[in-house]
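Reading through the structure tokens given below for one structure.
Number of protein chains: 2
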Amino acid sequence: MSCELVFIDKLKEKGFRLTMQREIVLSVLHGFSSAVSAEEIYNRVQEISSAVDISTVYRTLELLQDFGMVISSDIGGDHRVYNLVSVEEPHIHLVCKECGQVLGIETDPAEKLASYLESHHNFLIDLKNFHISGLCEDCQEKGISPNE
Amino acid sequence: MSCELVFIDKLKEKGFRLTMQREIVLSVLHGFSSAVSAEEIYNRVQEISSAVDISTVYRTLELLQDFGMVISSDIGGDHRVYNLVSVEEPHIHLVCKECGQVLGIETDPAEKLASYLESHHNFLIDLKNFHISGLCEDCQEKGISPNE
DNA sequence: GTTATTGCAAATTATTTGCACTTGG
DNA sequence: CCAAGTGCAAATAATTTGCAATAAC
Numbered sequence: 059m060s061c062e063l064v065f066i067d068k069l070k071e072k073g074f075r076l077t078m079q080r081e082i083v084l085s086v087l088h089g090f091s092s093a094v095s096a097e098e099i100y101n102r103v104q105e106i107s108s109a110v111d112i113s114t115v116y117r118t119l120e121l122l123q124d125f126g127m128v129i130s131s132d133i134g135g136d137h138r139v140y141n142l143v144s145v146e147e148p149h150i151h152l153v154c155k156e157c158g159q160v161l162g163i164e165t166d167p168a169e170k171l172a173s174y175l176e177s178h179h180n181f182l183i184d185l186k187n188f189h190i191s192g193l194c195e196d197c198q199e200k201g202i203s204p205n206e
Numbered sequence: 059m060s061c062e063l064v065f066i067d068k069l070k071e072k073g074f075r076l077t078m079q080r081e082i083v084l085s086v087l088h089g090f091s092s093a094v095s096a097e098e099i100y101n102r103v104q105e106i107s108s109a110v111d112i113s114t115v116y117r118t119l120e121l122l123q124d125f126g127m128v129i130s131s132d133i134g135g136d137h138r139v140y141n142l143v144s145v146e147e148p149h150i151h152l153v154c155k156e157c158g159q160v161l162g163i164e165t166d167p168a169e170k171l172a173s174y175l176e177s178h179h180n181f182l183i184d185l186k187n188f189h190i191s192g193l194c195e196d197c198q199e200k201g202i203s204p205n206e
């Protein structure tokens, strides 16, 4: 099922409405391959319709996060970036702490760790929504070191 | 080696100075068993010396983070909390996404996962500085569910 | 029609900064 | 001494909010 259909479904499910602004934000997010800030999203949205307000962008991003379709992460301390994530298979998110890029992978390699943490430390992680922070290939190539 | 000695050492090493304010902030951090906000730290600091400014608290917290003695995490979206962490052994930090509490554990249970991510996805994590987000025992007991 | 949603502008709020003064080494 | 550190007050800046107008359903 495509992102758009998932979105429409979830909106209906909660009694929310499909608006022009929400469609635009979602389509703009598709145009980015890496993590982007709210302002970058806003700028791109403006190119499509200059009437859309930045507060609407924020409100839509929050909605998409509630729906699990977008994740956001803090990078560089002050910058918050957003990512559209696949709505298919549950998966772990490898989030680059340098650029905020997100890579979705299968959950199995972390299953052992998860059960270890639960049995030994009573610490519960949600594998279907597990974020691992590190360095992506690109940022490694730029010579950035893993310890921040 | 105690936190205080480590702190003094690191300060010397970088040519920074040991001030009253820095000592107070560090001692106040010892008094908290769980994660606290900058303002909570500031309030406690004020009880000891009302002359210390909140900007100094922020500056000191940043310094302590640079030294790897404090970690901070975002919880609940808007709240940022700080934790004094053990200066001994390198370890993984289990950070509760609900209350911000940090539990330090040994690195070995995650070694397999780390090498898997590196070989299969070219994604590099720093095991000595690995943060895993989840729910601590206390928050689980409060009936909070792992998916946020 | 009714109610969610929006645009606008103003508010919020945690954090940061410039600078003259103070203090540690 | 003198560079690092501080307090103060003001600036910042990203995000949020109240509300009347608008548009989905």
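These protein sequences, in sequence, are chains D and C.
Numbers 59 to 206, taken from this note's numbering, label the letters of the first sequence in order.
Numbers 59 to 206, taken from this note's numbering, label the letters of the second sequence in order.
Just so it is clear, CB atoms sit at the ideal spot from N, CA and C, and this is done for glycine as well.
Rounded to the nearest angstrom, the gap between the Cα atoms of G89(D) and K68(D) is 22 Å. With contacts defined by Cβ atoms closer than 8 Å, I66(C) and V86(C) do not form a contacting pair. By the C-beta criterion, the region 143 to 160 of chain D is judged to be in contact with the region 181 to 201 of chain D, since at least 3 inter-stretch pairs fall below 8 Å. Spanning the alpha carbons of H179(D) and L121(D) requires a straight line of approximately 33 Å. For S131(C), the secondary structure class from DSSP, reduced to helix, strand or coil, is strand. Separation of the CB atoms of Y116(D) and V128(D) is rounded to 12 Å, and the pair is thereby denied contact status at 8 Å.
Going by DSSP, C154(D) is part of the beta strand (DSSP E) stretching over I150 to C154.
For I163(C), the enclosing beta strand (DSSP E) stretches over residues V160 to I163.
Counting only residues of its own chain and dropping the five nearest sequence neighbours on each side, F125(D) has a CB closer than 6 Å to the CB of K68. In the structure shown, the three-state DSSP call for R138(D) is strand.
Proximity of chain D to A96(C) at the Cβ level (cut-off 7 Å) is not reached, the minimal Cβ distance being about 14 Å. For the region 104 to 120 of chain D, the set of residues with a beta-carbon nearer than 8 Å to any beta-carbon of chain C is empty. Residue pairing for H189(D): DSSP places it in a beta bridge opposite H151(D). Setting aside the 5 residues that flank it on each side, L76(C) is surrounded in the same chain by I66 and L69, each with a C-beta closer than 7 Å to its C-beta; the list follows chain order. Scanning the region 80 to 112 of chain C for uninterrupted alpha helix (DSSP H) segments of 4 residues or longer gives 96 to 106, listed from N- to C-terminal end.
The beta carbons of L152(D) and I163(D) sit about 6 Å from each other, so the pair counts as a contact at 8 Å.
Interface flag for E195(D) against chain C is set, since a Cβ pair is found closer than 8 Å. For K72(D), the enclosing alpha helix (DSSP H) covers residues C61 to K72.
Closer than 8 Å to the CB of Y140(D) there is not a single CB belonging to chain C. By DSSP's assignment, L182(C) forms a beta bridge with L193(D).
Residue state for S203(D) is assigned as coil, using DSSP reduced to three classes. At least one C-beta of chain D is nearer than 8 Å to the C-beta of A168(C). Using a Cβ-Cβ cut-off of 8 Å, Q198(D) counts as an interface residue toward chain C, since at least one Cβ of chain C sits closer than that to its own. Cα atoms of A96(D) and S92(C): separation of roughly 32 Å, rounded to the nearest angstrom.
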